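Participant: Residue numbers (my numbering), protein chains in the order written: chain A, 3 to 432; chain B, 905 to 1096.
Have a look at the structure that comes next, please.
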């Protein structure tokens, strides 16, 4: 299915009698512009939603005064940040200092090149989309180190080193975890992961030996994710948890935000930043949160698909590729992303910050072994052609069993305080 | 660490995370009952009886023993002590009070004067809006020395309502619709 941006560009080119070869280029530029502004808008209201939700969970009200329910609070904050003086410290490296926020934000923005929001709303359907995202999202650390080094501030530099250690550690389980769905689908492209491309030898949910998509498609019934039971969240819950945790850590989100630990290193790598440059760093942070939600939706929550097979409804709306069907898919994509963002904020309101050694332990001693093991198990499953439901059953039994076992862990006993002998005058040591 | 022990730790971590998320979710669902925020300029706070606000002075009770002036630990900014009294000897050889000042620029609200007063002429007050005693004080610091009449007009915190009222107000057990409804508990208004 052709990208909707290319369609748009061709339409505009035809409207203004431009040469037809300018159409796709124009469309992609328009798409980039629209997605950039969409990120800005969504991030603005993500910050509002974070403040409201965390406020409610902590028995506060959140912003209430600017606009109805405080809805204009974050636009007002953005305007304030734009109007502020941009201070560059005297001893800072000015070029790098100015460059760093741009690097961080561009890295956060470039990920959206390969994100399909609906079957026909994407900029480029890269056949190595997953690899591309894993590569681009780690450029963020370059920007962070650049900014911290250029600020000439010891807290910023400490924070940047922490960030480097954290992102390098969690990049590995992040990429290894998403390989589970990739192996089951047999493609690195996000569109095909969502649609479940029919690849020979990949077992389907219901029919052994023949892909579900082929069979159902031949019967004219539905695309691959027939229902939510086909989502990879159901098939591979363990990897889903690993992916989500690694993503949280990679994007410095709260239980793992040692990079911005206020109690230890004032504000982390953006201590010296103010005004618009700070706004850009802040924006990139929330854009990364959104990216995590989007990637999790695509890889594990069935992307733009409805809960059950909706082929008949899509046909009712005008068939795949029509405006109605695209809006219907965008609605479900948005709802899933919103739900995941809410879960991230929920965790933020619940969990305290981990220590540095705990963070490293979790990454290297738990997530990497588990994801590696999953790679082995899923690979074997695909090779032997096992049915997908048996993989799901194994995963869920393992997860629930481990949690039930963990719930029975006796609470650590506090050591009794040793009785202190009353001191004798003159002392008894000797 | 054995594998079983490690698995148990992992399970415990997951389980306790979900349990913690349950607690925050319960807080979210019941946030209307549990919210603690008082929108101060829009709503007024109901203070408990022992509240240490602006001091209240009752000139008719004062016997001019000057204990409050002696016990006051703070030198004033424009006066010798933060509390200053002026009196004359009346026809019956009794001290009669002319004027009583507290310099609020230096008062630390230690309430030693309230504790030492033998006749309860100095009382704890319920007013927390000290800038409203004399609104011009923010332009002229010498106006922060408040006199007898100004101090006598302050609300007493013993009249501010009961502990129960304040507790119920904090727990949101009484309707907190607007400033009027909140500002008038069962007793007398907290801030006239």
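The beta carbon of each residue, even a glycine, is placed where N, CA and C say it ideally should be.
Just so we're clear, the structure is a prediction, and the values are computed from it rather than from any experiment.
Mark residue 292(A) as exposed unless 16 or more other C-beta atoms lie within 10 angstroms of its C-beta, in which case mark it buried.
Facilitator: The residue given as residue 292(A) occupies position 290 in the first chain. Result: buried.
Participant: Measure the beta-carbon distance from residue 942(B) to residue 62(A) and round it to whole angstroms, keeping in mind my assumption that it falls under 8 Å.
Facilitator: Within the second chain, numbered from 1, the residue matching residue 942(B) stands at position 38. Within the first chain, numbered from 1, the residue matching residue 62(A) stands at position 60. So it is not a contact: roughly 11 Å between Cβ atoms.
Participant: Using a C-beta to C-beta distance shorter than 7 Å, which residues of chain B count as neighbours of residue 63(A)?
Facilitator: Walking along the first chain from the start, residue 63(A) turns up at place 61. What residue 63(A) touches in chain B: 939, 941.
Participant: Do the region 951-970 of chain B and the region 997-1004 of chain B touch if we need at least three Cβ pairs shorter than 8 Å?
Facilitator: Touching, per the Cβ criterion.
Participant: Go ahead and pull the three-state DSSP assignment for residue 920(B).
Facilitator: Numbered from 1 along the second chain, position 16 holds the residue referred to as residue 920(B). Residue state, collapsed to three classes: helix.
Participant: If you draw a straight line from the alpha carbon of residue 224(A) to that of residue 314(A), how long is it in whole angstroms?
Facilitator: Indexing the first chain from 1 puts residue 224(A) at position 222. Indexing the first chain from 1 puts residue 314(A) at position 312. Bear in mind that a pLDDT of 44 at residue 224(A), under 50, signals an unreliable position, so the number given afterwards is only what the model happens to contain. Distance between the alpha carbons of residue 224(A) and residue 314(A) is about 8 Å.
Participant: Looking at the C-beta of residue 986(B), does it have a partner C-beta in chain A at a distance below 8 Å?
Facilitator: Position 82 of the second chain, counted from the start, is the residue given in the question as residue 986(B). Chain A contact via Cβ: absent.
Participant: Measuring only between beta-carbons, confirm whether residue 932(B) sits less than 8 Å from chain A.
Facilitator: Here the question's residue 932(B) lines up with position 28 in the second chain. It does: the Cβ of residue 932(B) has a partner Cβ on chain A nearer than 8 Å.
Participant: Which same chain residues, not among the five before or five after residue 298(A), have their C-beta less than 8 Å away from its C-beta?
Facilitator: Counting from 1 along the first chain, the entry for residue 298(A) is found at position 296. Hits under 8 Å: 242, 245, 246, 249, 342.
Participant: In the DSSP output, which residue or residues are listed as bridge partners for residue 989(B)?
Facilitator: Along the second chain, read from residue 1 onward, the residue named residue 989(B) stands at position 85. Paired residues: 1004(B).
Participant: Please list, in chain order, the chain A residues whose beta carbon lies closer than 8 Å to that of residue 916(B).
Facilitator: Sequence index remark: in the second chain, residue 916(B) carries index 12 (1-based). Correct list: 408, 409, 411.
Participant: In chain order, what residues of the region 393-404 of chain A put their CB closer than 7 Å to some CB of chain B?
Facilitator: From the region 393-404 of chain A, only 404 have a Cβ closer than 7 Å to chain B.
Participant: Which whole-angstrom value describes the C-beta separation of residue 408(A) and residue 175(A), a residue pair presumed to lie in contact below a C-beta threshold of 8 Å?
Facilitator: Against the first chain, residue 408(A) aligns to sequence position 406. Against the first chain, residue 175(A) aligns to sequence position 173. Not really, about 20 Å apart at Cβ, beyond 8 Å.
Participant: If you check the beta carbons only, do residue 135(A) and residue 125(A) fall under 8 Å apart?
Facilitator: On the first chain, position 133 is the one that residue 135(A) refers to. On the first chain, position 123 is the one that residue 125(A) refers to. Not in contact: residue 135(A) and residue 125(A) (Cβ atoms no closer than 8 Å).
Participant: Would you report the Cα separation of residue 188(A) and residue 130(A), rounded to the nearest angstrom?
Facilitator: Residue mapping note: residue 188(A) aligns to position 186 of the first chain, counting from 1. Residue mapping note: residue 130(A) aligns to position 128 of the first chain, counting from 1. Computed Cα separation, rounded: 12 Å.
Participant: Does any C-beta atom of chain B lie closer than 8 Å to the C-beta of residue 50(A)?
Facilitator: What you label residue 50(A) is simply residue 48 of the first chain in a count that begins at 1. Not closer than 8 Å to any Cβ of chain B, the Cβ of residue 50(A) fails to qualify, so no.
Participant: Under the three-state reduction of DSSP, which class applies to residue 103(A): helix, strand or coil?
Facilitator: The count along the first chain starts at 1 and reaches residue 103(A) at position 101. Residue 103(A): helix per DSSP, three-state reduction.
Participant: Taking 8 Å as the cut-off, does the region 29-40 of chain A touch the region 139-158 of chain A (at least 3 CB pairs, one atom from each stretch)?
Facilitator: No: the two stretches stay apart, fewer than three of their Cβ pairs being nearer than 8 Å.
Participant: Whose C-beta lies closer than 6 Å to the C-beta of residue 383(A) among residues of the same chain, with five residues either side of it excluded?
Facilitator: On the first chain, residue 383(A) is found 381 positions in, with the first residue counted as 1. Here the set comprises 393.
Participant: Anything in the region 267-299 of chain A with a Cβ closer than 8 Å to a Cβ of chain B? List those residues in chain order, please.
Facilitator: Correct list: empty, as no residue qualifies.
Participant: Within 10 Å of its beta-carbon, does residue 15(A) have 16 or more other beta-carbons around it, so buried, or fewer, so exposed?
Facilitator: Here residue 15(A) is taken as the residue at index 13 of the first chain, counted from 1. By the neighbour-count rule (16 or more Cβ atoms within 10 Å), residue 15(A) is buried.
Participant: Under a three-way DSSP split, which group does residue 999(B) fall into?
Facilitator: Reading the second chain from its first residue, position 95 is the one you call residue 999(B). If DSSP states are grouped into helix, strand and coil, residue 999(B) belongs with the strands.
Participant: Taking Cβ to Cβ, would you say residue 59(A) is nearer than 8 Å to residue 921(B)?
Facilitator: Indexing the first chain from 1 puts residue 59(A) at position 57. Indexing the second chain from 1 puts residue 921(B) at position 17. No.
Participant: Determine the chain A residues that contact residue 1052(B) at a beta-carbon separation under 9 Å, and present them in chain order.
Facilitator: Counting from one through the second chain, the residue named residue 1052(B) turns up at place 148. The contacting residues do not exist; residue 1052(B) stays about 40 Å from chain A at best.
Participant: For residue 14(A), which of helix, strand or coil comes out of DSSP?
Facilitator: Walking along the first chain from the start, residue 14(A) turns up at place 12. Three-state DSSP puts residue 14(A) in a helix.
Participant: Quick one: what's residue 1098(B) bridged to in DSSP?
Facilitator: Because chain B in this structure spans residues 905 to 1096, residue 1098(B) falls outside the shown range and cannot be described.
Participant: Quick test of the definition: if touching needs 3 or more C-beta pairs under 8 Å, does the region 266-277 of chain A touch the region 395-412 of chain A?
Facilitator: Cβ pair count under 8 Å is below three, so no.
Participant: Going by alpha carbons, who is nearest to residue 1013(B) out of 1042(B), 987(B), 932(B)?
Facilitator: Stepping through the second chain from its first residue, residue 1013(B) is reached at position 109. Ranking the options by Cα distance to residue 1013(B), first place goes to 987(B).
Participant: Mind checking residue 993(B): buried by the 16 CB within 10 Å criterion, or exposed?
Facilitator: Stepping through the second chain from its first residue, residue 993(B) is reached at position 89. Exposed, since its Cβ has fewer than 16 Cβ neighbours within 10 Å.
Participant: Beta carbons nearer than 8 Å to chain B: which residues of the region 347-362 of chain A have them?
Facilitator: Flagged, chain order: 348, 349, 351, 352, 353.
Participant: Quick check on DSSP: helix, strand or coil for residue 961(B)?
Facilitator: What you label residue 961(B) is simply residue 57 of the second chain in a count that begins at 1. Strand, per DSSP.
Participant: Inspect the beta-carbon positions of residue 933(B) and residue 1060(B) and report whether they are closer than 8 Å.
Facilitator: Position 29 of the second chain, counting from 1, holds the residue named residue 933(B). Position 156 of the second chain, counting from 1, holds the residue named residue 1060(B). Going by C-beta atoms, residue 933(B) is not nearer than 8 Å to residue 1060(B).
Participant: What residue range does the alpha helix (DSSP H) around residue 58(A) cover?
Facilitator: Position 56 of the first chain, counted from the start, is the residue given in the question as residue 58(A). Looking at the DSSP string, the run of the alpha helix (DSSP H) that includes residue 58(A) is 24-59.
Participant: Reducing DSSP to helix, strand and coil, say where residue 143(A) ends up.
Facilitator: The residue labelled residue 143(A) in the question sits at position 141 within the first chain. Note: residue 143(A) maps to helix in three-state DSSP.
Participant: What is the DSSP secondary structure of residue 323(A), reduced to helix, strand or coil?
Facilitator: For the purposes of this step, residue 323(A) is taken as the residue at position 321 of the first chain. Coil at residue 323(A), not helix or strand.
Participant: Ignoring anything shorter than 4 residues or poking outside the region 320-366 of chain A, list the alpha helix (DSSP H) runs there in chain order.
Facilitator: Segments of the alpha helix (DSSP H) lying fully in the region 320-366 of chain A: 325-352, 358-363.
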